[in-house]
Structure formats: structure tokens, C-alpha cells
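Just below is one structure, and these are the notes that go with it.
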């Protein structure tokens, strides 16, 4: 298993698409977490970015105390979509390149290889989360130094909860992409379906249920996006009013955590069951 | 290596069905330790499906299959089997070296073995190039290197000379012969009759999913026959069929090939002349594997039509 894990890490480490996706996630976090708010802050009170938000509040949102908000604020939707793409290209690539037959004829069994692939993805998602966190932390330190802001950091437990929560959100979407890739045995269709779901369908469904079918709210509250947004809301210090898209308190943090863990298990189990049973042609 | 003579591959009554299509139909196959076994058949005959079953990539519909005494696809069996099924498939963004390194990690093989197999297939100088930049021949050689990585008892190669130029084919055949002479067991599929005849000790012929023959190649080489060119050919065919039986006389373009002891050549000539047939050529010839192959497949076609 350790050998298979090392092989997966080698594949991920040397694949440029993995780093392009990470870069996209990082750039999005920096643009929405720091660049645009900072431009708004330095150009005064009366511009569109800060309309209705006091300058002090804009600055406070960029200081180290809010680093977790800025690190994981985009995870439920934008970074989640990138994580789904990661899962789809890593697992789906094995089908489109035909490499599945090459690795399945080595020593380990199929379940062990798939397990190693999931562990590799989990490691890469952790690298993403830590990379974005470190960069956001550096930005917040820079802004605090430049604007003479406070350099209070969240408590260690809050940091761990925030980063672990963010990791779980991305891992859920990544495994969703992996399970779709196993189901469709390619890369393009899982990405198309998954990204459309994350960016459009789920939000639309939640909106329709809330406005027209409130009796079905229990269903929309069980969807992965709703729980991803609720977990990020629970582990960060965001106010409902200034939370980014996709982050809301649809369900409480404990339930969101349990639901996302259940989704991870379901996606992994579906992928493993299908991979073990299906002919590799 | 297995020195006991117990078959390394034993397949009895193997079938594989995809919906209404029977891809493999009751195949029996035995590969003995240390031999190079040729699995011969036209495209679409069921060779690759059979080899995929032997490597555990697909599950059989029915049949009893033992590879190295175990279940195909089990970690124990895979650890002692090297294979290249259809075209070699590797990660295009990695170098040949990295592709082999990661396979060595999966297979828990020491890293130094990677250098050994690269040397063996003469790919060391281009090992750091990306796989996507390799020529077809280099890809094929990397596939063989990957198959040898585990220093396997059994090597399964599916059409290893596919797409190679003549020099590449010659090198690949030499490599496979060396594997066989090292005492390794090789199961090789091909649709190239000459290739099988040159490399293999024994051959199994599969057609439309059915195993139609299994022979020692040496025996096939040893079988002799008479080649007869005579006019009118139809009369000559009828006369020889009456003399030797229908199964002994076969038409090939303008000649007849007659399965009979070449010592009876004078008798054959006399009978033809007495029947008013003009014999322009009559000599003994070795019966090639190609002839047997077409004989077996065309006789089956005749049977199917009948």
C-alpha cells in the first residue's frame, strides 16, 4: 500500500494540471480575499466595492484574524469545482490513457490501488489548503504591516477546525469527481456534469425549494453544496450578511460535518465497488 | 522458475460473453514451464480477451483458469507475471524512467531493477524523455521493459511487434527469444504466422473465439507434403482426392498441396499421367504454419457454410 501511495504521489507531483488547478484556486482566493477588497479599501468609501461597508470593516476582513475566512471562503463553490476537476482528471485520466490496465496488472489489488489514489488525492488537497492558507497569511501580514492593522491570529483550535473543515469540503467534491470519472470512464463528462451541478444546479434547486416548495427543504439541506457551505460557515467567523456565495447556515456545523463525511464514504464506496467489479477493456 | 512441469497456465472451457456476442467459446489452453507459446489467430479471434482474462483484467463468464497455480489477477499471481496487453499504456506527461519507477513502486520492486530493464530493451539513453515523445517502437520496448520489471516467471505479451518497423520487429523477436532461452515462460499472441513460427515452441490457433488447434511448432515444420502443378487442375484434384482422400488435397492458387509421404511422389505422378493430366511440377515441400492456419480456418468456414 505504501508503494502504491508513493506511486500516486509521484504521478500527482509531476502532473502540471494538478498545479494549474491549485494555482487557479490560489489566485481566486487572493483576488477575492485580498486584492479586490484592498483596492476598495485604498480607493475610499464611495466606490462600488465598499458600498455600504465601512473602510475599517473592509480592512478588518483582510487582517490575520480573518485569515481562515479568506482561506476557505471560496471552497464550497469555486475551489470545490476545481477540486472536483482534480478528482475527475486524476481518476478519469487512467481510463482515457488506458493506464488502468497497466497499474492493475502490477502486484496490488484493485482496492489497494484505488485506496492509494484516494490517499494521494487527500494529500494533494491538504497541500492545496495549506498552500492557500500560507499565502493568505502572508498577504494578511503584509496588509497589517502596510496599514498598521492588528496582527491578532485566530486560536490554534480555530485554525485547525477551519483548515480541516476546508479540507473536508474540497475532499468531498474531489471524491465526487473521482466517483463520476469511474462511472463514466472518462474525464470530460464528469467535469461537465459536476461543475454544472456545483455552479448552477444546486443553487437553483435550493432557490426553487425555498421559494416554491418549502416542504422539501429537508432534501435541499441534504445536498453536498448546502452542507459544504454550512460547514465553512460554522468553522469560520463570517457573519451571514457578508458571507461569500454558497456559504450559509442551512444546517448546523455538526450535521454538516457528518453529512460531508457520509458523502465522502458513499463516493469512495461507489468508486471502489464499481472498480473492483468491472471489466477493464 | 517452475521446474516441476506443472502447467503455468491452465485454462479449461473458458468462455466470455458480451451480451449476445460470444468472444471466447470454450477455449482450452495449457502453457508449460519454460516454453514460448504462440497464441495465434486473426484480428478479433479472441486472443486479447483471453489474455485479459489471464491477467485478471476481465472476468470470465465460465471456465476453470489457473495461472501459476492461482487465481488470475490475485496479488500473488500478478507479482510473478509480467504483461503487456494490446498497445503499451503509460502516463504521457512522465518520462519513460518515471513511468517505470512508479510501476516499480506499485509492484514493490527495487529501484535498481528499473535501470536493468531499461538496459535490456536498449532504452536507457532516451529514458528521461517524455513517453508522449516516444516513437511507436520505443513505446513498445518500454511496454516490454514494464513487463519484465518484476523479473516474472511468466511473461504475457499481446502482439508485441504491432506497428514496429522491420528492424524493430527483428529486435523484439530477438528479445523474446532471449527471454525464452533464459528459461522464462512466454505466452505471446500474434496474428503474424511467420513471427510465431520463428519464435515459439508451441502454438495454439484460435478462430472466432474457438481454439482450433494446438501443436508443437517443430512438429509442424517437420510435416512434409507434395506440391503439384498440373493441367487440368480440376481433374488432378479429383484423381488425387480419390487416391488419398479429400482431407489430403488442398488447392492453393494454381497448385495443389498434397499431404502424403514424399516417398509416394512417383505413384502420385503415375496416377495423374494415367488419368491424362499433364504434370508440370511435382516436388516435396515443408508444410508451413501458414498453410495449417489457413487450412484450419477455411475448413471451419466450409463446415459453417455446410
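Protein chains in written order, with UniProt numbering: chain S, 1 to 281; chain P, 1 to 306. Even glycine gets a Cβ: it sits at the ideal position worked out from N, Cα and C.
Asked: Quick one, which residues of the segment 53–84 of chain S are near chain P if we go by CB-CB under 8 Å, in chain order?; Found: none
Asked: Between the alpha carbons of residue 295 of chain P and residue 173 of chain P, how many angstroms are there, rounded?; Found: 26 Å
Asked: Using a Cβ-Cβ cutoff of less than 7 Å, which residues in the same chain neighbour residue 242 of chain S once the five nearest sequence positions on both sides are dropped?; Found: none
Asked: Between S:90, S:173, S:61, S:197, which has its C-alpha nearest residue 15 of chain S's C-alpha?; Found: S:90
Asked: So, under 8 Å CB-CB, residue 248 of chain P and residue 97 of chain S are touching, yes? Tell me the CB distance rounded to an integer number of Å.; Found: Not confirmed; about 52 Å, so no contact.
Asked: Roughly how many angstroms separate the alpha carbons of residue 47 of chain P and residue 39 of chain P, rounded to a whole number?; Found: 7 Å
Asked: Among P:105, P:110, P:149, P:92, whose alpha-carbon lies nearest the alpha-carbon of residue 84 of chain P?; Found: P:149
Asked: Judging by CA-CA distance, which residue of P:200, P:195, P:14, P:129 is the nearest neighbour of residue 219 of chain P?; Found: P:200
Asked: Taking Cβ-Cβ distances shorter than 7 Å, what residues in chain S pair up with residue 75 of chain P?; Found: 107, 108, 109
Asked: Hey, is residue 146 of chain P's beta-carbon within less than 8 Å of any beta-carbon in chain S?; Found: yes
Asked: Quick check: what's the CA-CA separation for residue 144 of chain S versus residue 175 of chain S?; Found: 37 Å
Asked: Can you tell me whether DSSP reads residue 238 of chain P as helix, strand or coil?; Found: helix
Asked: Does residue 97 of chain S get closer than 8 Å to chain P when you measure Cβ to Cβ?; Found: yes
Asked: Does chain P have any CB closer than 8 Å to the CB of residue 103 of chain S?; Found: yes
Asked: Quick one: which chain S residues come within Cβ less than 9 Å of residue 115 of chain P?; Found: Residues of chain S passing the Cβ test: none, with the nearest at roughly 17 Å.
Asked: With a threshold of 8 Å on Cβ separation, who are the neighbours of residue 57 of chain P within its own chain once the five nearest residues in sequence on each side are excluded?; Found: 73, 85
Asked: May I have a chain-ordered list of the alpha helix (DSSP H) segments no shorter than 4 residues that lie completely inside the segment 90–153 of chain S?; Found: 99–104, 110–147
Asked: Is it buried or exposed for residue 95 of chain P, if we count other Cβ within 10 angstroms and need 16 for buried?; Found: buried
Asked: Beta-carbon within less than 8 Å of residue 278 of chain P's beta-carbon, same chain only, minus the 5 sequence neighbours each way: which residues are those?; Found: 230, 231
Asked: Among P:78, P:25, P:255, which residue has its Cα nearest to the Cα of residue 9 of chain P?; Found: P:78
Asked: Mind the definition here: the segment 106–118 of chain S touches the segment 102–114 of chain P only if three or more C-beta pairs lie below 8 Å; say whether that holds.; Found: yes
Asked: What is the rounded straight-line gap between the Cα of residue 309 of chain P and the Cα of residue 88 of chain S?; Found: Only positions 1 to 306 of chain P appear in this structure, which leaves residue 309 of chain P out of reach.
Asked: When the Cα atoms are used, what is the spatial distance from residue 122 of chain P to residue 130 of chain P?; Found: 16 Å
Asked: Using a C-beta cutoff of 8 Å, does residue 35 of chain P count as contacting chain S?; Found: no
Asked: Does DSSP classify residue 247 of chain S as helix, strand or coil?; Found: coil
Asked: Entirely within the segment 126–171 of chain P and at least 4 residues each: give me those alpha helix (DSSP H) ranges in chain order.; Found: 136–148
Asked: Would a C-beta distance cut-off of 8 Å place residue 12 of chain S and residue 18 of chain S closer than the cut-off?; Found: yes
Asked: If you check the beta carbons only, do residue 114 of chain P and residue 101 of chain P fall under 8 Å apart?; Found: yes
Asked: Residue range of the alpha helix (DSSP H) that residue 59 of chain P falls in?; Found: It is not in any alpha helix (DSSP H) - residue 59 of chain P carries neither H nor E in the DSSP assignment.
Asked: By DSSP, does residue 346 of chain P sit in helix, in strand, or in coil?; Found: Given that chain P is displayed from residue 1 to residue 306, the structure contains no residue 346 of chain P and the question cannot be resolved.
Asked: For chain P, is any of its Cβ atoms less than 8 Å away from the one on residue 90 of chain S?; Found: no
Asked: How far does the beta strand (DSSP E) with residue 40 of chain P in it reach, from first residue to last?; Found: 36–40
Asked: Distance cutoff 8 Å, beta carbons only. Does residue 262 of chain P sit that close to anything in chain S?; Found: no
Asked: Give, in chain order, every residue of the segment 78–92 of chain P whose Cβ lies closer than 7 Å to some Cβ of chain S.; Found: 78, 79, 83, 85, 89, 90, 91, 92
Asked: Let me check one thing: in DSSP terms, what residues is residue 316 of chain P bridge-paired to?; Found: Outside the displayed range of chain P (1 to 306) lies residue 316 of chain P, so it cannot be described from this structure.
Asked: What does the Cβ neighbour count give for residue 218 of chain S, buried or exposed, with the cut at 16 atoms within 10 Å?; Found: exposed
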